[in-house]
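One structure below.
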Amino acid sequence: MKLDVILRVGVKLILPSLLLFALYVHFHGDYGPGGGFQAGVMSAAMVILYGLIFGIKAAKRVVPQGLVERMVPLGVLVYLSAGIPALFEGHHFLDYGVLSHDPVHGHEYGILLVETGVLITVSSTMTAIFYAFAERGRS
Amino acid sequence: METFVNAVLLTLLAFATLGVIWQRSLFGVVILAGIYSFLMASVLIVLDAVDVAMTEASVGAGISTIVLLATLFLTQSRENPRPRNVLLPLFVAASVGAALIWGTFSLPPFGVADAPIHQHTVPYYLHQSINDTGVPNVVTAVLADYRGYDTLGEVTVIFTAGIGVMVLLRGRRRRDKKGGSAAS
Chain W
1 MKLDVILRVG VKLILPSLLL FALYVHFHGD YGPGGGFQAG VMSAAMVILY
51 GLIFGIKAAK RVVPQGLVER MVPLGVLVYL SAGIPALFEG HHFLDYGVLS
101 HDPVHGHEYG ILLVETGVLI TVSSTMTAIF YAFAERGRS
Chain R
140 METFVNAVLL TLLAFATLGV IWQRSLFGVV ILAGIYSFLM ASVLIVLDAV
190 DVAMTEASVG AGISTIVLLA TLFLTQSREN PRPRNVLLPL FVAASVGAAL
240 IWGTFSLPPF GVADAPIHQH TVPYYLHQSI NDTGVPNVVT AVLADYRGYD
290 TLGEVTVIFT AGIGVMVLLR GRRRRDKKGG SAAS
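Those protein sequences? They're chains W and R, same order as listed.
Position 56, counted from 1, in the first sequence is what the numbering used here calls 56; the numbers after and before it change by one each time, with no gaps.
Here the numbering used here = 1-based position in the second sequence + 139.
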């Protein structure tokens, strides 16, 4: 492992652009292909790639396991929180129109919030599954 | 040109499938499955389904290959010898395949505009989604807004799957520690 210079340097070059592309796919999902799910998988792939090359300990220093496991339910809660305000205004659940004065803007914000929830849950679930497998291998 | 690309991709898909069947080393099977997913993503790009292609490439070729390799690391990586009697599995596979091919005969021709799926709610989404949501990408508008309940269900499914895997893999480990010498 220690001698894989090309892999180590290459991965270090790839990782920032991978994260940047994941963020681009997430925030550009309103205009282009992709969205929270694809961005979540890509950001999880970044952590997994880092863990494969530099070891699981280094990956857990960057993205702690406790944080990952808390993010799994957090994403679902973020998604749900996008639907709650509509209930107080007497609209249907997940009606994003109430999130802003202009209903169209409200829908835009709601979609971004929902996609963020998907991103959080998907990326943390994939990372958590990888961590779980890697832990089994060491014991 | 598109026909040629499709022919090449589908031929490679067939070869990848045959490779999966004939390969005995499970490591090779996992790599071939990753190649299959990547070819499938290319087919989806040719079909102009870029969102699905992106998902297939990242999940099918990326994450699931790594998870399968991690599974191989924990178990043995040779396939068990084949069962002697292949007639029943062959019959089941052939009849299911024939039923699927028979089912495609009653589908409308590929890509025609007046297929039933393009008549129901699709025209409304295509014309109204920009006015309703201000989001130019209709796929995103349908997924996150019109079909918000479905996507909420999908997120809950991913959440449940993640929790399930964590409980299964980590719970076992804790018991191993307590038991002391439970060899795994």
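Glycine included, each C-beta is placed from N, C-alpha and C at the ideal position.
{"Query": "Minimum C-alpha distance to R/Thr156 - residue among R/Glu141, R/Tyr175 and R/Val147", "Result": "R/Tyr175"}
{"Query": "First and last residue of the uninterrupted alpha helix (DSSP H) at W/Asp102", "Result": "W/Asp102 -> no alpha helix (DSSP H), and no H or E assigned at all."}
{"Query": "Straight-line Cα distance separating R/Phe244 from R/Gln267", "Result": "33 Å"}
{"Query": "Chain W contact for R/Asp284 (CB, 7 Å cutoff)", "Result": "yes"}
{"Query": "CB contact check: R/Ala209 to chain W, cutoff 7 Å", "Result": "yes"}
{"Query": "Per-residue contacts from R/Asp271 into chain W (C-beta, under 8 Å)", "Result": "Val104 and His107"}
{"Query": "Close-in-space but distant-in-sequence residues of the same chain around R/Val144 (CB under 7 Å, 5 per side omitted)", "Result": "Val185"}
{"Query": "Chain R within 7 Å of W/Met46, Cβ atoms only", "Result": "no"}
{"Query": "Beta-carbon proximity of W/Val63 to W/Val47, cut-off 7 Å", "Result": "yes"}
{"Query": "Chain-ordered neighbours of R/Asp276 on chain W, where CB pairs are closer than 7 Å", "Result": "A small fix is needed here, since residue 276 of chain R is Asn in this sequence, not Asp. Correct list: Gly29, Asp30, Tyr31 and Gly32."}
{"Query": "Three or more C-beta pairs below 8 Å linking the stretch 8-17 of chain W and the stretch 78-95 of chain W", "Result": "no"}
{"Query": "Alpha carbon of R/Val281 to alpha carbon of R/Asn219, nearest angstrom", "Result": "45 Å"}
{"Query": "Extent of the continuous alpha helix (DSSP H) run through W/Arg61", "Result": "Ile56 to Val62"}
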